[in-house]
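In case it helps, full-length UniProt numbering puts the sequence shown at residues 1 to 128. For glycine and all other residues, C-beta sits at the position ideal for the given N, C-alpha and C.
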Amino acid sequence: MLCHRSDVDLWNLPGGKVEKGEEPRRAVVREVKEEARVKVQVKRLAGVYINFARAVLRFVYLCEIVKGKPGASDETDQIAYFTLKKFPRYTYPDHQQWVGDVLENPTRFHFKIQSGPSAKKLLKQGKL
Numbered sequence: 001m002l003c004h005r006s007d008v009d010l011w012n013l014p015g016g017k018v019e020k021g022e023e024p025r026r027a028v029v030r031e032v033k034e035e036a037r038v039k040v041q042v043k044r045l046a047g048v049y050i051n052f053a054r055a056v057l058r059f060v061y062l063c064e065i066v067k068g069k070p071g072a073s074d075e076t077d078q079i080a081y082f083t084l085k086k087f088p089r090y091t092y093p094d095h096q097q098w099v100g101d102v103l104e105n106p107t108r109f110h111f112k113i114q115s116g117p118s119a120k121k122l123l124k125q126g127k128l
């Protein structure tokens, strides 16, 4: 399930920043509800990805929808399902890697260092 952002022409997995004092697994449940209007249950931590250049640490969780039907929100204008091979052109490259890693090896924990600029920067440069 991907969300199309309402502020820029980019698709991404639902998620976001962890608030002060919040546990990452609670943050993903909150963010998915805010962005896709569904309640999810965290199944497991699928991976941790680090981008030192951007000072970003990301926790990637495998979740299951337990209540509601996906729908747009204040932060998103579209929610849709895609296969990895048919992801929209303007999808966060990092998110494509996360999905690919989990689909390729669904039971493995993934720990990787990522590099490169943000998707917004790539979009501005015409490289996405």
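Residue from the options with nearest C-alpha to residue i
i, options, result
"C3", "E23, H95, G116", "H95"
"H110", "L103, G47, A72, Q97", "G47"
"I79", "E34, P93, S118", "E34"
"V102", "K127, P88, T83, R5", "T83"
"P106", "L45, L122, E23, S6", "L45"
"V8", "E19, V56, Y90", "Y90"
"residue 133", "L57, E22, R26, G15", "In the structure as shown, the chain starts at 1 and stops at 128, and residue 133 therefore has no counterpart that could be examined."
"A55", "L122, K121, P117", "P117"
"L128", "A53, F87, K17", "F87"
Contacting residues, own chain, Cβ-Cβ under 7 Å from residue i (five flanking each side not counted)
i, result
"C63", "V28, V32, V40, Q41, V42, K43"
"R37", "G68, P70, G71, S73"
Beta-carbon separation (whole angstroms), residue i vs residue j, contact threshold 8 Å
i, j, result
"N12", "S115", "Going by Cβ atoms, the distance from N12 to S115 rounds to 19 Å, so no, they are not a contact pair."
Identified DSSP bridge partners for residue i
i, result
"F59", "V48"
"H4", "W11, Q78"
"V40", "I65"
"F111", "V48"
"T83", "According to DSSP, T83 bridges with nothing at all."
Own chain, CB closer than 6 Å to residue i, minus 5 neighbours either side, in chain order
i, result
"W98", "V60"
"I65", "V38, V40"
Sequence-distant residues of the same chain with beta carbon closer than 8 Å to residue i, five excluded per side
i, result
"S92", "It should be noted that the sequence gives Tyr, not Ser, for residue 92. Once the five neighbours on either side are set aside, the close Cβ partners of Y92 are L10, W11, N12, L13, A119."
"D77", "H4, R5, S6"
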